[in-house]
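Residue numbers (the numbering used here): 243 to 915.
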């Protein structure tokens with residue numbers, strides 16, 4: 243279940259963001275964004291010029307106001323992006339309420355405040371209890387409500403041992419009893435880290451963002467030098483330029499649009515993965531996902547449904563298929579496992595055998611045990627069993643029955659193909675075999691084809707034998723597969739791909755996946771997995787849906803494309819501003835350049851003020867696009883570049899011409915200049 247994205251115009255977000263815009267005027271914060279820092283310095287100098295100017299104070303005051311708006315709008319974009327994350331963090335913070343824990347000390351329970359728990363403490367949690375802190379189940383099995391974390395209302399099973407032992411503080415036990423060993427110190431739990439990361443407290447600039455910041459800083463420095471040299475040039479040419487006018491020129495020349503939105507784009511990328519219930523440990527992870535070209539996916543739970551399902555009934559010689567299906571369904575009515583339920587469903591689909599209510603079946607159900615390796619149901623004068631082939635063989639032998647050769651062959655064929663055979667017997671008679679197999683998820687083949695269009699190669703990882711792996715790989719449509727894969731082989735495969743220049747993403751949930759998750763450029767750990775897996779990855783999927791990796795890759799690419807599109811727009815719209823402000827400044831001294839005033843702006847002062855106003859308003863107009871992101875389409879890099887140049891390059895030139903001219907007409911009509 244994905245989280246609903248807060249509305250941009252939600253006052254609960256926009257209100258605090260307005261205050262945050264002023265708080266971010268702190269020079270120590272502003273200097274991290276050189277473009278906007280220079281703009282703020284210009285706003286300060288222009289404001290000072292109001293009191294020192296001997297003429298045109300009204301014009302200078304308007305310039306100062308719009309320069310401050312330019313800075314504040316850029317800060318507002320960043321504050322809005324941060325506010326959306328903080329709004330989503332509220333539901334997580336509610337899950338961290340203080341509660342009492344039942345700590346085990348020398349085998350006896352004592353109630354203590356949850357914040358006082360230490361690492362390795364043992365706590366007891368029963369139905370209705372809130373799990374006080376992150377830990378691993380070391381005893382028992384329970385159904386746990388994780389809605390406060392994932393937003394998913396369906397409960398999950400947590401049990402000791404295996405890969406589903408990890409529990410998260412703030413979740414609630416809804417059945418049975420478990421003993422949990424605390425794995426995190428106070429304030430370092432998973433929920434604490436999630437809240438900090440969601441709120442952007444630890445956000446760092448990504449490599450591409452740093453590179454773009456350096457480029458923007460270089461452009462700002464170049465144009466600063468240009469504007470400084472214009473002062474002596476103006477004196478020499480008898481066209482002296484005032485400081486406020488030169489500042490206005492500088493702000494229009496430097497790429498303020500992308501400079502003002504750059505930080506918001508990065509924060510919004512993390513926000514978008516959070517909307518998919520994926521926690522990114524940093525913006526770097528989201529950006530790396532956009533460059534991934536090799537995807538390693540576990541077979542079970544990712545490509546297949548995760549539980550083997552009944553796909554066929556194979557009757558013994560002389561046994562009607564309907565009789566086998568009826569017996570198999572009766573033996574499975576009390577079997578609540580996915581495999582058991584699938585047998586009931588298959589009997590209904592194949593032979594229209596409606597599932598009977600367990601309470602209405604006048605029989606004694608026999609549960610499955612590790613010792614007997616079979617389950618079933620007993621009626622007066624009738625006994626049905628289903629289970630492993632060897633267990634049913636022994637059961638039939640004890641009753642004086644025989645195991646048909648045809649059934650032995652069917653069992654061997656199913657096993658060699660990677661399936662699981664379950665034999666059904668009524669009394670001493672063998673009725674047939676149920677074929678359980680991995681079922682490839684619906685639509686997964688189309689999703690892999692979608693990834694192929696994105697230039698991403700998919701590799702399925704499985705512990706199955708090569709024949710079974712090859713069959714599932716072909717059915718699913720993956721590009722390659724690894725059969726009988728060990729943790730060492732997974733790690734080695736990732737290193738080989740990286741050595742060949744590829745960026746690799748992987749998903750996993752077990753301790754045996756931890757080395758590979760740590761090595762991968764994008765490691766997505768399942769929230770239901772072990773603590774080792776969650777700490778090794780740089781993303782955590784709160785829904786524990788391995789196919790989410792495909793969405794993460796698309797979001798990463800969307801973030802990169804959004805940044806590229808807005809950079810293209812920013813540079814393109816600067817071209818229009820050059821035609822607005824430079825000819826207006828120089829026409830009086832150099833009439834020969836008047837043809838460059840293609841906008842036919844009213845006067846030099848109206849041209850300068852119009853350009854500055856447009857420069858501020860375009861930032862606020864582009865905030866929704868920066869937060870929502872440019873729609874991603876799986877096309878090649880060249881096609882993406884052409885689309886950006888056409889839409890955001892050409893649009894970035896045309897829109898300012900229209901906008902600046904409209905503003906010029908408005909301020910002239912209102913006699914603001």
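Here a beta-carbon is modelled for each residue, glycine too, at the ideal position from N, C-alpha and C.
Residue from the options whose Cα sits closest to the Cα of residue i
i           : options            : result
residue 757 : 501, 424, 777, 827 : 777
residue 499 : 711, 815, 263      : 815
residue 854 : 310, 750, 712      : 310
residue 582 : 551, 695, 401      : 551
residue 633 : 618, 624, 622      : 618
residue 773 : 377, 342, 646      : 377
residue 801 : 471, 418, 512      : 512
residue 370 : 460, 677, 361, 344 : 344
residue 750 : 779, 739, 346      : 779
residue 890 : 803, 915, 485, 849 : 803
residue 787 : 584, 769, 913      : 769
residue 909 : 838, 860, 844, 810 : 844
residue 577 : 568, 610, 255      : 610
residue 636 : 615, 690, 464, 748 : 615
residue 585 : 556, 735, 562, 605 : 556
residue 495 : 754, 458, 732      : 458
residue 341 : 412, 273, 294      : 412
residue 725 : 718, 707, 737      : 707
Residue i versus residue j - alpha carbon distance
i           : j           : result
residue 443 : residue 875 : Annotation note: pLDDT 43 at residue 443 (below 50); position unreliable, no value reported.
residue 897 : residue 821 : 13 Å
residue 682 : residue 524 : 33 Å
residue 857 : residue 818 : 11 Å
residue 319 : residue 703 : 42 Å
residue 626 : residue 679 : 23 Å
residue 259 : residue 863 : 16 Å
residue 528 : residue 794 : 7 Å
residue 869 : residue 315 : 14 Å
residue 382 : residue 399 : 11 Å
residue 415 : residue 397 : 9 Å
residue 624 : residue 574 : 15 Å
residue 789 : residue 460 : 42 Å
residue 359 : residue 349 : 16 Å
residue 742 : residue 761 : 15 Å
residue 807 : residue 472 : 32 Å
residue 521 : residue 783 : 6 Å
residue 466 : residue 534 : 38 Å
residue 346 : residue 407 : 19 Å
residue 730 : residue 754 : 9 Å
residue 650 : residue 677 : 13 Å
residue 256 : residue 455 : 26 Å
residue 483 : residue 847 : 12 Å
residue 417 : residue 387 : 10 Å
Expected contact under 8 Å - CB spacing of residue i and residue j to nearest Å
i           : j           : result
residue 698 : residue 537 : 5 Å
residue 283 : residue 367 : Contact doesn't hold; Cβ gap of about 57 Å is too wide.
residue 798 : residue 531 : 3 Å
residue 278 : residue 307 : Not really, about 17 Å apart at Cβ, beyond 8 Å.
residue 902 : residue 827 : That belief does not hold up - the Cβ atoms of residue 902 and residue 827 are roughly 14 Å apart, past 8 Å.
residue 672 : residue 638 : 6 Å
residue 384 : residue 426 : At roughly 20 Å, the Cβ-Cβ gap does not stay under 8 Å, so residue 384 and residue 426 are not in contact.
residue 628 : residue 666 : 5 Å
residue 275 : residue 508 : Between residue 508 and residue 275 the Cβ distance is about 12 Å, and since that is not below 8 Å, they are no contact.
residue 559 : residue 644 : Their Cβ separation, rounded to whole angstroms, is 12 Å, which puts residue 559 and residue 644 out of contact at 8 Å.
residue 701 : residue 720 : 7 Å
residue 670 : residue 705 : Not a contact, Cβ separation roughly 36 Å.
residue 486 : residue 291 : 5 Å
residue 262 : residue 321 : 3 Å
residue 791 : residue 539 : 7 Å
Residue i: CB within 8 Å of a non-hydrogen atom of the ligand GDP
i           : result
residue 767 : Among the components modelled here there is no ligand, and therefore nothing to report on the ligand GDP.
Cβ contact (3+ pairs, closer than 8 Å) linking the segment 299 to 306 and the segment 350 to 365: Taking 8 Å as the limit for Cβ pairs, the verdict is that the segment 350 to 365 does not touch the segment 299 to 306.
Every unbroken alpha helix (DSSP H) within the segment 246 to 315, with a cutoff of 4 residues, ordered by chain: Runs of the alpha helix (DSSP H) spanning 4 or more residues and lying entirely within the segment 246 to 315 occur at 253 to 265, 269 to 272, 276 to 294, in chain order.
Whole runs of the alpha helix (DSSP H) within the segment 756 to 830, excluding any shorter than 4 residues: Whole alpha helix (DSSP H) segments, 4+ residues: 756 to 761, 773 to 778, 790 to 828.
Every unbroken alpha helix (DSSP H) within the segment 347 to 430, with a cutoff of 4 residues, ordered by chain: Listed in chain order, the complete alpha helix (DSSP H) runs (minimum 4 residues) inside the segment 347 to 430 are 389 to 392.
Stretch pair the segment 882 to 889 + the segment 825 to 834: three plus CB contacts closer than 8 Å: No: fewer than three Cβ pairs fall under 8 Å.
Runs of beta strand (DSSP E) wholly within the segment 619 to 651 (minimum 3 residues, chain order): Fully enclosed beta strand (DSSP E) runs of no fewer than 3 residues occupy 624 to 629 of the segment 619 to 651, in order along the chain.
Contact the segment 652 to 663 vs the segment 703 to 719: 3+ CB pairs below 8 Å: Proximity of the segment 652 to 663 to the segment 703 to 719 meets the contact definition, three or more beta-carbon pairs being nearer than 8 Å.
Runs of beta strand (DSSP E) lying entirely within the segment 513 to 601, each at least 3 residues, in chain order: Whole beta strand (DSSP E) segments, 3+ residues: 520 to 522, 536 to 540, 551 to 557.
Within the segment 711 to 760, ranges of the beta strand (DSSP E) (whole runs, at least 3 residues): Contiguous beta strand (DSSP E) elements confined to the segment 711 to 760 occur at 722 to 724, 746 to 750, taking only those with 3 or more residues.
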